[in-house]
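Undergrad: This structure is in structure tokens; I'll ask about it shortly.
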Amino acid sequence: MADQQNSININWFPGHMAKTRKQIAEDLKLVDIVVEILDARIPISSQNPDIKQITQNKKKIIVLNKYDLADEKENQKWVEYFNKKDQKAILVDALSGKGINETIRLIQKEMEEDLKKIADKGRIGRKIRVMIVGIPNVGKSSFINRIAKKTSAEVGNKPGVTKQKQWIRINDKIELLDTPGVLWPKFESEEVGMHLAITGTIKDDILELTEIAYSLTKFLLENYRENLIQRYSLNEKQIEEILNQDQPENENIYEIMQLIGKKRGAVASGGRIDDDKTSKIILDDFRSGKLGKITIEKIS
Ligand code: G4P
1 MADQQNSINI
11 NWFPGHMAKT
21 RKQIAEDLKL
31 VDIVVEILDA
41 RIPISSQNPD
51 IKQITQNKKK
61 IIVLNKYDLA
71 DEKENQKWVE
81 YFNKKDQKAI
91 LVDALSGKGI
101 NETIRLIQKE
111 MEEDLKKIAD
121 KGRIGRKIRV
131 MIVGIPNVGK
141 SSFINRIAKK
151 TSAEVGNKPG
161 VTKQKQWIRI
171 NDKIELLDTP
181 GVLWPKFESE
191 EVGMHLAITG
201 TIKDDILELT
211 EIAYSLTKFL
221 LENYRENLIQ
231 RYSLNEKQIE
241 EILNQDQPEN
251 ENIYEIMQLI
261 GKKRGAVASG
271 GRIDDDKTSK
281 IILDDFRSGK
291 LGKITIEKIS
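What follows is the structure, encoded as structure tokens:
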């Protein structure tokens, strides 16, 4: 495990981290409100630990993206969780565009008073400036593309001026900084690292593929057993029997993974079940939503 921890550090805590942070701080000076994008399946693990400090004095909206892949019951609970902490949160599916219009409305509502104050000072027509922040893979680009497509976006990518900040017109009141602030995930515990690996937020080569799939299978057996049974046409009684075997729990779970591998034809030469193939099947099915709408982090 120590080696894996090291590889995580090497990959995710690069030397330019401080520079990135400084750049984000600079960009933040240009905007009125920040939209922090989280993965609705892992709202805590996908949140950058320093975000509060970096965005202090800024208004902020939390977008729980990929809500289409997450458990409906849990989605609502997460929105309430953030609201209770006095943070505005909204469910978004950046692929289909669900929740995008609501986000626009929420931004305007949050900024209403400030804009009035600005207008009172005589600066009528001043637009709300927005910036997106989030860790990799939570859907920042998808969100920007979606929100920009809503109107005739002026995405300025003229050669030679790429260094200059570009603003995307969202409507007559809002403009969005075209480059999101990419923050680093936190690896405060092995659990957080595993959640990021299960959802594919960090690359599969950082943790052992079979270890990630094992962890997911264990979680599904405990929390979404029905989804697993349905997807792989498993026999509920047989699963219970395997889990009740008098041997270490990990061996029981491994046996269920092998059963899934067999069902899905993940067989290597000699008839042996291919662990890597099996692991990939389970992870791909989860990440693409084929195992159903699943939330990994629940509010306890
Ligand atoms: P990023 O800029 O924050 O790094 O994320 P990006 O938009 O590139 O999105 C990462 C992956 O997540 C993409 O999949 C994208 O299609 C998917 N995605 C983004 N928003 C949503 C959403 O609301 N719902 C669902 N279901 N998927 C979403 P990809 O291009 O296939 O990448 P990958 O799966 O190969 O990593």
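Here the sequence shown stands for residues 1 to 300, numbered as in the numbering used here.
Ideal placement from N, C-alpha and C gives every residue a C-beta, glycine not left out.
1. Would you call the CB atoms of glutamate 102 and isoleucine 62 closer than 7 angstroms?
2. Closer than 6 angstroms: is that where the CB of isoleucine 18 sits relative to any heavy atom of the ligand G4P?
3. Considering only the beta carbon of each residue, do valine 182 and serine 45 sit closer than 7 angstroms?
4. Restricting to Cα atoms, I'd like to know which of Lys263, Lys218 and Tyr214 is closest to asparagine 235.
5. Leaving out five residues before and five after aspartate 274 in sequence, what residues of the same chain have Cβ atoms less than 8 angstroms from its Cβ?
6. In this structure, does DSSP put glycine 122 in helix, strand or coil?
7. Could you tell me the alpha carbon to alpha carbon distance between aspartate 285 and glutamate 112, rounded to whole angstroms?
8. If you draw a straight line from the alpha carbon of serine 141 to that of proline 180, how long is it in whole angstroms?
9. Please identify the residue among Asn48, Gln238 and Ile33 whose C-alpha is closest to the C-alpha of methionine 17.
10. What does the alpha-carbon distance come out to for the pair arginine 41 and leucine 91?
11. Is aspartate 68 near the ligand G4P - that is, is its Cβ less than 6 angstroms away from at least one heavy atom of it?
12. Given lysine 98, which residues of its chain have a CB within under 6 angstroms of its CB, disregarding the five upstream and five downstream residues?
13. In terms of DSSP beta bridges, what is glutamate 36 paired with?
14. Check whether the region 116-128 and the region 16-30 are in contact - that is, three or more C-beta pairs closer than 8 angstroms.
15. From which residue to which residue does the beta strand (DSSP E) around alanine 89 run?
16. Roughly how many angstroms separate the alpha carbons of methionine 194 and glutamine 76, rounded to a whole number?
17. Relative to the alpha-carbon of glutamate 188, which residue among Arg287, Asp50 and Gln230 has its alpha-carbon at the smallest distance?
18. Taking the straight line between their C-alpha atoms, what separation do you get for isoleucine 253 and lysine 66?
19. Using alpha carbons as the reference points, say which of Lys22, Asp178 and Asp68 lies closest to threonine 295.
20. Pick helix, strand or coil for tryptophan 78, following the three-state DSSP scheme.
21. Which partner residues does valine 182 have in the DSSP bridge list?
22. Could you tell me how far apart the beta carbons of isoleucine 104 and arginine 146 are, in whole angstroms, since I believe they sit closer than 8 angstroms?
23. For alanine 94, verify whether its CB is less than 6 angstroms away from any heavy atom of the ligand G4P.
24. I'd like to confirm something about lysine 140: is its beta-carbon nearer than 6 angstroms to some heavy atom of the ligand G4P, or not?
25. Please report the distance separating the alpha-carbon of asparagine 83 from that of asparagine 57.
TA: Put simply:
1. The sequence position of residue 102 within the sequence shown is 102, counting from 1. The sequence position of residue 62 within the sequence shown is 62, counting from 1. No, they are not a contact pair.
2. Numbered from 1 along the sequence shown, position 18 holds the residue referred to as residue 18. Per the sequence shown, residue 18 should be read as alanine rather than isoleucine. Because no heavy atom of the ligand G4P lies under 6 angstroms away, the Cβ of alanine 18 does not count as near it: no.
3. Stepping through the sequence shown from its first residue, residue 182 is reached at position 182. Stepping through the sequence shown from its first residue, residue 45 is reached at position 45. Going by C-beta atoms, valine 182 is not nearer than 7 angstroms to serine 45.
4. As a working mapping, residue 235 is identified with position 235 in the sequence shown. Among Lys263, Lys218 and Tyr214, the Cα nearest to that of asparagine 235 belongs to Lys263.
5. Against the sequence shown, residue 274 aligns to sequence position 274. Result list for aspartate 274: Gly261, Ala266, Val267 and Ala268, in chain order.
6. Translated into the one-based positions of the sequence shown, residue 122 becomes position 122. If DSSP states are grouped into helix, strand and coil, glycine 122 belongs with coil.
7. The residue labelled residue 285 in the question sits at position 285 within the sequence shown. The residue labelled residue 112 in the question sits at position 112 within the sequence shown. Taking the straight line joining both Cα atoms gives about 43 angstroms.
8. Sequence index remark: in the sequence shown, residue 141 carries index 141 (1-based). Sequence index remark: in the sequence shown, residue 180 carries index 180 (1-based). C-alpha separation (whole angstroms): 8 angstroms.
9. Here the question's residue 17 lines up with position 17 in the sequence shown. Out of Asn48, Gln238 and Ile33, Asn48 has the C-alpha closest to the C-alpha of methionine 17.
10. Here residue 41 corresponds to residue number 41 of the sequence shown, with the count starting at 1. Here residue 91 corresponds to residue number 91 of the sequence shown, with the count starting at 1. So the two alpha carbons sit approximately 11 angstroms from each other.
11. Counted from its first residue, the sequence shown places residue 68 at position 68. Checking every heavy atom of the ligand G4P against the Cβ of aspartate 68, one is found closer than 6 angstroms.
12. Counted from its first residue, the sequence shown places residue 98 at position 98. The answer is none, since no qualifying residue turns up.
13. The sequence position of residue 36 within the sequence shown is 36, counting from 1. Looking at the DSSP assignment, glutamate 36 forms a beta bridge with Ile62 and Val133.
14. At 8 angstroms Cβ cutoff, the stretches do not touch.
15. Position 89 of the sequence shown, counting from 1, holds the residue named residue 89. Note, alanine 89: beta strand (DSSP E), 88-92.
16. One-based indexing of the sequence shown puts residue 194 at position 194. One-based indexing of the sequence shown puts residue 76 at position 76. Rounded to whole angstroms, the separation of the alpha carbons of glutamine 76 and methionine 194 is 24 angstroms.
17. For the purposes of this step, residue 188 is taken as the residue at position 188 of the sequence shown. Per the Cα distances, Asp50.
18. Taking the first residue of the sequence shown as position 1, residue 253 is located at position 253. Taking the first residue of the sequence shown as position 1, residue 66 is located at position 66. Between the alpha carbons of isoleucine 253 and lysine 66 lies a gap of roughly 28 angstroms.
19. Here residue 295 corresponds to residue number 295 of the sequence shown, with the count starting at 1. Ranking Lys22, Asp178 and Asp68 by Cα distance to threonine 295 puts Asp68 first.
20. What you label residue 78 is simply residue 78 of the sequence shown in a count that begins at 1. For tryptophan 78, the secondary structure class from DSSP, reduced to helix, strand or coil, is helix.
21. The count along the sequence shown starts at 1 and reaches residue 182 at position 182. BP columns for valine 182 point to Gly134.
22. For the purposes of this step, residue 104 is taken as residue 104 along the sequence shown, with counting starting at 1. For the purposes of this step, residue 146 is taken as residue 146 along the sequence shown, with counting starting at 1. Actually they do not touch by this definition, with Cβ atoms about 11 angstroms apart.
23. Numbered from its first residue, the sequence shown carries residue 94 at position 94. The answer is yes for alanine 94.
24. Mapped onto the sequence shown, residue 140 falls at position 140. Taken from the Cβ of lysine 140, at least one heavy atom of the ligand G4P lies inside 6 angstroms.
25. Within the sequence shown, numbered from 1, the residue matching residue 83 stands at position 83. Within the sequence shown, numbered from 1, the residue matching residue 57 stands at position 57. Roughly 18 angstroms separates the two Cα atoms.
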